Amino acid sequence: MAGQGSGGNVLAALCSFFIPGLGQLLQGRLLMAIIQFVLAGVLWFFLLGWLIHLWSIIDAARFNPGS
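Each residue of the sequence shown is one higher than the last, beginning at 2 in the numbering used here.
And the structure:
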């Protein structure tokens, strides 16, 4: 059973907790992983990287491959 709340999403969210975009990469979403990683890196210079970091975690946890 894949989808929101599945073990794969929990693992992806944990990976994104440590490195933004890593969870998306684990889910096979390369473009989204690159976007979140780059945005987080750029915005950390302005002390706003935590927003992208949080978005990355939530996005990985809520990902539903069926939609």
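Beta carbons are placed, not taken as given, at the ideal position from N, Cα and C, and that holds for glycine.
Quick caveat: nothing in here was measured; it's all calculated off a predicted structure.
| Asked | Found |
| --- | --- |
| Along the chain, where does the alpha helix (DSSP H) containing I36 start, and where does it finish? | 31-44 |
| What residues in its chain sit with their C-beta under 7 Å from that of I53, if we drop five residues either side in the sequence? | P21, Q37, L40, A41, L44 |
| Buried or exposed: where does L23 fall if 16 or more other Cβ atoms within 10 Å of its Cβ makes it buried? | buried |
| With H, G and I counted as helix, E and B as strand and the rest as coil, what does DSSP make of I20? | coil |
| Go ahead and label L26 buried or exposed: buried means 16 or more other beta carbons lie within 10 angstroms of its beta carbon, across all protein chains shown. | buried |
| Does G50 come out as helix, strand or coil in the three-state DSSP assignment? | helix |
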